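Asks:
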Amino acid sequence: MSALERYKKELESLEAEVDELKRKLALDKTTILRGSVTPEPNDQLPTDNKTPHETTSNKRELEMEDITPPRTHFGNRNKRAKPAESVDYIPEIAHHEYFDELINNLMVSSLNVLEKEETLKEENTALEKENKVKESTNKWNQLILQHGEKIQTENIYRLAGITTFPVNNPNKTEVEDTDGDDRFLGIRFDVFDKSLAKFSTPHYVILKKLVKNDNWFVFKTTIPRFVPLNILAAEYLNFDLFMFSKQVRKHLVQLQLKKSTFLDIQSRLKSPSRMEYDIEFSKVNIKVLNRFEMILICDLFKVTNVIVVGDLMIDAEGANRNVSIKDAAEVLFRGCEIRGLKDSFFKIMEECGLFIER
63 MSALERYKKE
73 LESLEAEVDE
83 LKRKLALDKT
93 TILRGSVTPE
103 PNDQLPTDNK
113 TPHETTSNKR
123 ELEMEDITPP
133 RTHFGNRNKR
143 AKPAESVDYI
153 PEIAHHEYFD
163 ELINNLMVSS
173 LNVLEKEETL
183 KEENTALEKE
193 NKVKESTNKW
203 NQLILQHGEK
213 IQTENIYRLA
223 GITTFPVNNP
233 NKTEVEDTDG
243 DDRFLGIRFD
253 VFDKSLAKFS
263 TPHYVILKKL
273 VKNDNWFVFK
283 TTIPRFVPLN
293 ILAAEYLNFD
303 LFMFSKQVRK
313 HLVQLQLKKS
323 TFLDIQSRLK
333 SPSRMEYDIE
343 FSKVNIKVLN
353 RFEMILICDL
363 FKVTNVIVVG
373 DLMIDAEGAN
383 RNVSIKDAAE
393 VLFRGCEIRG
403 LKDSFFKIME
413 ECGLFIER
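Numbering follows our numbering, with no gaps: position 284 of the sequence shown is 346.
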């Protein structure tokens, strides 16, 4: 039997049960109406063809029908009900109705109070920061007015590049003689960076005098290790303090010049060109557009050696022959001073057709 035929039979059975319920409902109404009629004043009993036993049985059946709920299922209980047809159901928009009006008003007012407190707190924080900035600015202006003349005098001395200053003895005790205050001396070195148009970070040398022979020696310093400070100290320190300071600053100036020269060249290289170098710029590796590689070996003042990897031919100016980049680089760079290295490098790039704007 197909499912459609089974559903039809179940539908017919349901319709029959509905008709039976309607008939019983009509019978109940008729019985109620009969009971409400006033009997005639005579001793005759109502005539009924049913026996007393049948009448009692009918009453019991009616009572059972009144207390028994109508059957809402049909057929076998194990049978699955017919699935309802899918309907596009759109739920209503949910509204906040969990609290009554009084509680809701209290909650909303509490949230508003919290928001106002947070806003007020942020405003107070911003006001405190502004007041601190103003206070700091006022203090700074007062210090400038109070010590401005001394600061300008110090800056004028520092323009010379070498300045000395007294140093407090960190191990000094009260029982020591005050004559020991001059056993320390500080020297400050200032170097101007032309590429950045400002002074670089100053370097310091702290000298200490030996007690047994009053000779100076380097006690503390911020000079880079690759500067031969000990050699310079052995040669000049206890014979000519000014010459010692002058030689130290000369090394620092050359290092700053070499650093700014190579960093300027690096900033003008076109990608994928790149530059690699050590901390003192004694060995610089320049790779130009993946066409050739140039290794420069430098001392403090000039280029001592040039190594070119990858031979690129260029047109020699004023000649009917080609010259390799290796030969041109060796001619221009070997023995070239750091001060003129940038112009020589740009000249090579222009001759190779790899123009880099100066």
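Beta carbons are placed, not taken as given, at the ideal position from N, Cα and C, and that holds for glycine. Predicted model, so just to flag it, every value in this text is computed and none were measured.
Across which residues does DSSP place residue 271 in a beta bridge pair?
Replies: The count along the sequence shown starts at 1 and reaches residue 271 at position 209. DSSP lists 278 as partners of residue 271.
Asks: On the premise that residue 246 lies in contact with residue 252, defined as a C-beta separation below 8 Å, what is that separation, rounded to the nearest angstrom?
Replies: The count along the sequence shown starts at 1 and reaches residue 252 at position 190. The count along the sequence shown starts at 1 and reaches residue 246 at position 184. That pair is no contact at about 20 Å.
Asks: Alpha carbon to alpha carbon, how far is residue 87 from residue 93?
Replies: As a working note, residue 87 is residue 25 in the sequence shown. As a working note, residue 93 is residue 31 in the sequence shown. Taking the straight line joining both Cα atoms gives about 10 Å.
Asks: Please list the terminal residues of the continuous alpha helix (DSSP H) segment that includes residue 311.
Replies: As a first step, residue 311 is located in the sequence shown; it is residue number 249 there, counting from the start. It spans 303 to 329 - the alpha helix (DSSP H) in which residue 311 sits, taken as one unbroken run.
Asks: Please specify which runs of the beta strand (DSSP E), each continuous and at least 3 residues long, are wholly inside the segment 190 to 261, giving them in chain order.
Replies: DSSP runs (the beta strand (DSSP E)) wholly in the segment 190 to 261: 224 to 228, 246 to 251.
Asks: Does DSSP classify residue 342 as helix, strand or coil?
Replies: Taking the first residue of the sequence shown as position 1, residue 342 is located at position 280. Coil, per DSSP.
Asks: Determine the extent of the beta strand (DSSP E) in which residue 358 is found, giving its start and end residues.
Replies: Residue 358 sits at position 296 when you count from the first residue of the sequence shown. Unbroken beta strand (DSSP E) run through residue 358: 354 to 360.
Asks: Report the residue from 367, 337, 224, 288 whose alpha carbon sits nearest the alpha carbon of residue 306.
Replies: As a working note, residue 306 is residue 244 in the sequence shown. Closest option to residue 306, Cα to Cα, is 224.
Asks: Ordered along the chain, which non-local residues of its own chain (more than five positions away) have a Cβ less than 7 Å from that of residue 106?
Replies: Position 44 of the sequence shown, counted from the start, is the residue given in the question as residue 106. Low local confidence applies: a pLDDT of 44 at residue 106 is under 50, so the model's placement there is unreliable, and no value is given.
Asks: Candidates 292, 304, 325: which alpha carbon is nearest residue 226's?
Replies: The residue labelled residue 226 in the question sits at position 164 within the sequence shown. Per the Cα distances, 304.
Asks: Measuring straight from C-alpha to C-alpha, what distance separates residue 327 and residue 219?
Replies: For the purposes of this step, residue 327 is taken as the residue at position 265 of the sequence shown. For the purposes of this step, residue 219 is taken as the residue at position 157 of the sequence shown. Answer to the nearest angstrom: the Cα atoms are 33 Å apart.
Asks: Among all the DSSP beta bridges, which residues are the ones paired with residue 300?
Replies: Mapped onto the sequence shown, residue 300 falls at position 238. DSSP, once it has assigned bridges, lists no residue as partnering residue 300.
Asks: Assess contact between the segment 397 to 404 and the segment 322 to 340, defined as three or more Cβ pairs (one per stretch) separated by less than 8 Å. Is contact present?
Replies: With a cut-off of 8 Å, the segment 322 to 340 and the segment 397 to 404 count as touching, because enough Cβ pairs lie within range.
Asks: State the Cα-Cα distance for the pair residue 333 and residue 309, rounded to the nearest angstrom.
Replies: Residue numbering aside, residue 333 sits at position 271 when the sequence shown is read from its first letter. Residue numbering aside, residue 309 sits at position 247 when the sequence shown is read from its first letter. Straight-line Cα distance between these residues: approximately 39 Å.
Asks: What first and last residue would you give for the alpha helix (DSSP H) that runs through residue 400?
Replies: Translated into positions along the sequence shown, residue 400 becomes position 338. Unbroken run through residue 400: none, as it is neither H nor E.
Asks: Please classify residue 351: is it buried, with 16 or more other beta-carbons within 10 angstroms of its beta-carbon, or exposed?
Replies: The sequence position of residue 351 within the sequence shown is 289, counting from 1. Exposed, by the Cβ-count rule.
Asks: Determine the extent of the beta strand (DSSP E) in which residue 370 is found, giving its start and end residues.
Replies: Looking up residue 370 in the sequence shown gives position 308. Counting along the chain, the beta strand (DSSP E) containing residue 370 begins and ends at 365 to 371.
Asks: Tell me whether residue 335 sits in a helix, a strand or coil according to DSSP, three-state version.
Replies: Against the sequence shown, residue 335 aligns to sequence position 273. Correct three-state label for residue 335: coil.
Asks: Look at the Cβ atom of residue 342, then the Cβ atom of residue 407, and state whether they are nearer than 8 Å.
Replies: For this step, residue 342 is matched to residue 280 along the sequence shown. For this step, residue 407 is matched to residue 345 along the sequence shown. In this structure, residue 407 does not lie closer than 8 Å to residue 342 by Cβ.
Asks: State the beta-bridge partners of residue 266 as determined by DSSP.
Replies: In the sequence shown, residue 266 corresponds to position 204, counting from 1. 250.
Asks: Along the chain, where does the alpha helix (DSSP H) containing residue 289 start, and where does it finish?
Replies: By one-based count along the sequence shown, residue 289 stands at place 227. Counting along the chain, residue 289 falls outside any alpha helix (DSSP H), and DSSP gives it neither H nor E.
Asks: How would you label residue 83, buried or exposed, when you count the other beta carbons within 10 angstroms and need 16 or more for buried?
Replies: Position 21 of the sequence shown, counted from the start, is the residue given in the question as residue 83. By the 10 Å Cβ count, residue 83 comes out exposed.
Asks: Residue range of the alpha helix (DSSP H) that residue 391 falls in?
Replies: If you number the sequence shown from 1, residue 391 lands on position 329. Taken as a continuous stretch (DSSP letters only), the alpha helix (DSSP H) holding residue 391 covers 387 to 395.
Asks: Indicate whether residue 367 and residue 355 have their beta-carbon atoms separated by less than 8 Å.
Replies: As a working mapping, residue 367 is identified with position 305 in the sequence shown. As a working mapping, residue 355 is identified with position 293 in the sequence shown. Cβ distance not < 8 Å, so residue 367 and residue 355 don't count as in contact.
Asks: Are residue 363 and residue 316 closer than 8 Å when you measure CB to CB?
Replies: In the sequence shown, the residue the question calls residue 363 occupies position 301. In the sequence shown, the residue the question calls residue 316 occupies position 254. Against a cut-off of 8 Å, the Cβ pair of residue 316 and residue 363 comes out as a contact.
Asks: Beta carbon of residue 335, beta carbon of residue 345: below 8 Å?
Replies: Indexing the sequence shown from 1 puts residue 335 at position 273. Indexing the sequence shown from 1 puts residue 345 at position 283. Result no, Cβ atoms of residue 335 and residue 345 do not sit closer than 8 Å.
Asks: Could you tell me the distance, in whole angstroms, from the CA atom of residue 191 to the CA atom of residue 294?
Replies: Position 129 of the sequence shown, counted from the start, is the residue given in the question as residue 191. Position 232 of the sequence shown, counted from the start, is the residue given in the question as residue 294. Spanning the two alpha carbons is a distance of roughly 51 Å.
Asks: Rounded C-beta distance between residue 370 and residue 388? I'm assuming under 8 Å.
Replies: Against the sequence shown, residue 370 aligns to sequence position 308. Against the sequence shown, residue 388 aligns to sequence position 326. Rounded, the Cβ-Cβ distance is 4 Å, consistent with contact.
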